[in-house]
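Here is the structure we will look at.
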Amino acid sequence: MHVLLERTLKNASSYFQNFFVHEYRSKGVIYEVDARVKFISAIIFVLLAVSTFEPIKLFFLFFSLLVIIKILGLSLKKLLQRVWLFTIFSLIVVSPFLLSDPKYPFIFSLRVLISLIAVQMLVMSTNFYDLCSALRSLRVPETFVHALWIAYRYVILLFQDIINIMLARESRRVARTGHGEIWKKGGEAVGLFFLRSIERSERLQLAMISRGEKIVAQKAKLGILEISYIAITAFIILWWISL
Amino acid sequence: MHIPDGYLDLTIATTFFVLTIAVLGYSLLRLKKEKLTALFGIVSAAIFAAQMLNWPIPGGTSAHFVGGSLAGILLGPFAGCVSMAIVVTIQTLVFNDGGITAWGANVWNMAIVNVFVGYYVYKALQKFNKSFSAFLAGWIGVTVAAIFVGIEVGLSTSFAYGLGVTVPVMGVWHAILGIVEGIITAGVVGYIATRRADLLEKKEVGKIPYALVGLMILLSPAFAYLAEEVNYSEPLENVAEILGLEEETINSGIFPDYTIPGIDPYLGTLLSGLIGVLIVLLLSFGVRYARSPRKNT
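Below you can see the structure in the form of structure tokens.
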């Protein structure tokens, strides 16, 4: 089972770095913009990107987003570090069409790249609580949003829990194990983990009932910063349509 | 299995967004009176944590657990569907794993198809053997979900590959990886059956879920029809046509070209598919029966 543990820990260490991106902050204006506005703008940018194959519209959108990122103080380097891999992957996926339609793979990958940038602009500049709050303001059901927030908060704790269970079992193992045994014993360990998790959820539910369930609050009015961001988005939409 | 932004055209993305909102909305409405917020949150986090385990598979590579069928078996199809939808939403909003416009399709595949199919496979077969039915639920659930990914991406006009490429690639690959999913699901269910059997017993649901699963099954012929509309044909047949090769039958088999001679081709395809599934199930139960311990008489 040590192979399972080694691979999981190696993979998880890089995976959990993604969690910290929500905590990443610098002195940029974009961090102060209301999450509701950034969320809706991100969806609009993605929709604009995926609804066309016209290079001029896509390049306009791409450069507009880069300008927003630069002006509003988001690190372009950190953002590109998070999007380049999947863009290259998409290019490879459609690369067999290079011979029949040389333009298609690049345009397709550009659409993916723009969508990834638009979502990353939101993810890197908004902490997850604000994002949940924005979803609640946009009338996403309360149960769903609260559960989303609880899940986000508990992921690291529960990951630690499952690793502890695996480590405990591995430390008691004396014989060599094949793949079948790893899957079987690992499945049992995951079973124990789910039992503990369900019991933990029962305790948490009781605590929530005793303290009150409202854990994600809705935001108030929009300010001048938000109105400016909406104006920028509207300007990009209108220009995109006119192209 | 996560579809990113840019792979689906807006028609497909919107269709699955609407379907997902309908099923997810109904599930939330049905569970409204029960205090399950913490259960959804914690189980979603647990599925998320379990998905991070990298299970080694022969050949040096590894696979990860999806957990849709397990969520359905443990929580019932409605709560399981909500929990998996939360997992997919976090993956979209935190890790950018799966696109915002493809959120509907991703939730449909991993939180609805996988959960409901896995749950009903388990429910239908659990009276024979819990662990074996959990294995089949995990395996079939993830494979059918992957086939749905193939269908959505293959039908999308934004993605240049057709159904003839996307469905076999997704289906065959996940049918292999799904074996690991099935074994882990069986391990988890087997363990819980011996410690907290009550968790596996109380999720009886009414007729509406049957209608929902029926809706999914009804959608499949619609996709098949659409496939005809986009002139779907086997890639090898296309190659043969381009090269001017002619078919020379060595053995036409019991059901030539998935049809039954003398019966309407569509009905024949349906019947031959059903018979195929039955043969696989009978063989599985036969092997299971042959391997089971018996009393000496």
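Protein chains in written order, with the numbering used here: chain P, 1 to 243; chain G, 1001 to 1297. Where a beta carbon is used, it is the ideal one built from N, C-alpha and C, also for glycine.
Given this structure, state the Cα-to-Cα distance separating residue i from residue j, to the nearest angstrom.
i: G/Phe1285; j: G/Ile1073; result: 21 Å
i: P/Phe97; j: G/Phe1017; result: 29 Å
i: G/Gly1118; j: G/Glu1201; result: 16 Å
i: P/Phe127; j: G/Phe1040; result: The question names Phe, but residue 127 of chain P is Asn in the sequence shown. Distance between the alpha carbons of P/Asn127 and G/Phe1040: 21 Å.
i: P/Leu238; j: P/Ile43; result: 16 Å
i: G/Ile1147; j: G/Gly1171; result: 5 Å
i: G/Gly1006; j: P/Val112; result: 5 Å
i: G/Ala1071; j: G/Leu1281; result: 24 Å
i: G/Gly1138; j: G/Ala1050; result: 14 Å
i: P/Leu110; j: P/Leu58; result: 7 Å
i: P/Ile162; j: G/Ile1047; result: 11 Å
i: G/Pro1293; j: G/Ile1176; result: 28 Å
i: G/Lys1032; j: P/Tyr154; result: 23 Å
i: P/Glu188; j: G/Gly1187; result: 5 Å
i: G/Arg1196; j: G/Pro1168; result: 39 Å
i: P/Gly180; j: P/Gly186; result: 10 Å
i: P/Ala151; j: G/Ile1260; result: 51 Å
i: P/Leu195; j: P/Glu32; result: 41 Å
i: P/Arg203; j: P/Trp240; result: 52 Å
i: P/Ser133; j: G/Val1082; result: 19 Å
i: P/Leu139; j: P/Gln205; result: Position check: residue 139 of chain P holds Arg in this sequence, whereas Leu was assumed. Approximately 23 Å, taken between the alpha carbons.
i: P/Ile227; j: P/Val29; result: 13 Å
i: G/Leu1075; j: P/Asp101; result: 48 Å
i: P/Trp183; j: G/Trp1055; result: 7 Å
i: G/Leu998; j: P/Ser201; result: Summary: the structure shown does not reach residue 998 of chain G, with chain G confined to residues 1001 through 1297, and so no result is reported for it.
i: P/Ile232; j: P/Val37; result: 11 Å
i: P/Gln120; j: P/Leu79; result: 7 Å
i: G/Phe1128; j: P/Arg211; result: 45 Å
i: P/Arg176; j: P/Met166; result: 16 Å
Run the CB neighbour count on residue i, radius 10 Å, all protein chains shown included, and call it buried at 16 or more, exposed below.
i: G/Asn1096; result: buried
i: G/Leu1278; result: exposed
i: G/Leu1283; result: exposed
i: P/Leu65; result: buried
i: P/Phe108; result: buried
i: G/Pro1004; result: buried
i: P/Arg136; result: buried
i: G/Glu1228; result: Low confidence applies here, because G/Glu1228 scores a pLDDT of 48, under 50, leaving its location unreliable; read the following figure in that light. Result: exposed.
i: P/Ile209; result: exposed
i: G/Ala1063; result: buried
i: G/Pro1221; result: Note on G/Pro1221: pLDDT 44, under 50, position unreliable in the model; no value is reported.
i: P/Ile224; result: exposed
i: P/Tyr229; result: buried
i: G/Gln1091; result: buried
Quick one, are the C-beta atoms of residue i and residue j less than 8 Å apart?
i: G/Asn1114; j: G/Gly1068; result: yes
i: G/Ser1131; j: G/Val1121; result: no
i: G/Thr1037; j: P/Ala147; result: yes
i: G/Thr1194; j: P/Val50; result: no
i: G/Tyr1191; j: P/Leu192; result: yes
i: P/Val67; j: P/Ile117; result: no
i: G/Val1144; j: G/Met1110; result: no
i: G/Ser1044; j: G/Phe1078; result: no
i: P/Leu61; j: P/Phe39; result: no
i: G/Thr1166; j: G/Asp1009; result: no
i: G/Ala1085; j: G/Leu1019; result: no
i: P/Ser115; j: P/Pro105; result: no
i: G/Val1142; j: G/Gly1099; result: no
Mind listing the chain G neighbours of residue i? Cutoff is C-beta to C-beta under 7 Å, in chain order.
i: P/Leu192; result: Tyr1191
i: P/Tyr154; result: Gly1041, Ile1042 and Ala1045
i: P/Gln120; result: Asn1096
Using only the heavy atoms of the ligand FMN, determine whether one of them is closer than 7 Å to the beta carbon of residue i.
i: G/Gln1091; result: Although the ligand FMN was asked about, the structure shown includes no ligands whatsoever.
So which residues on chain P does residue i lean against when the C-beta distance must stay under 8 Å?
i: G/Pro1004; result: Phe86, Ser90, Val112, Ser115 and Leu116
i: G/Ile1086; result: Phe144, Ala147, Leu148 and Ala151
Mind pulling the chain G residues with CB within less than 8 Å of residue i?
i: P/Ser51; result: Leu1010
i: P/Tyr31; result: Correct list: empty, because the minimum Cβ distance to chain G is about 17 Å.
i: P/Tyr104; result: Ala1160
i: P/Leu131; result: Leu1093
Starting from residue i, find everything on chain G with Cβ-Cβ shorter than 9 Å and list it in chain order.
i: P/Gly212; result: Within 9 Å Cβ-Cβ: nothing; P/Gly212 doesn't reach chain G, min ~12 Å.
i: P/Ile162; result: Ala1046, Ala1049, Ala1050, Met1052 and Leu1053
i: P/Ile43; result: Ile1100 and Thr1101
i: P/Val46; result: Asp1005, Gly1006, Gly1099, Ile1100 and Thr1101
Closer than 7 Å by beta-carbon distance: list the chain P residues that pair up with residue i, in chain order.
i: G/Val1188; result: Gly187, Val190, Gly191 and Phe194
i: G/Ala1038; result: Ile150, Ser201, Leu204, Gln205 and Met208
i: G/Arg1196; result: Leu195
What does residue i reach in chain P if we use C-beta pairs closer than 9 Å?
i: G/Leu1074; result: Phe194 and Ile198
i: G/Lys1130; result: In chain order: nothing, as chain P lies at least about 12 Å away.
The region 1144-1159 of chain G touching the region 1179-1187 of chain G, judged by at least three CB pairs closer than 8 Å: no
At least three beta-carbon pairs within less than 8 Å, the region 72-86 of chain P to the region 115-131 of chain P: Yes, the region 72-86 of chain P touches the region 115-131 of chain P.
Sufficient close CB pairs (3 or more, under 8 Å) joining the region 86-101 of chain P to the region 1012-1029 of chain G: Contact fails: fewer than three Cβ-Cβ distances are below 8 Å.
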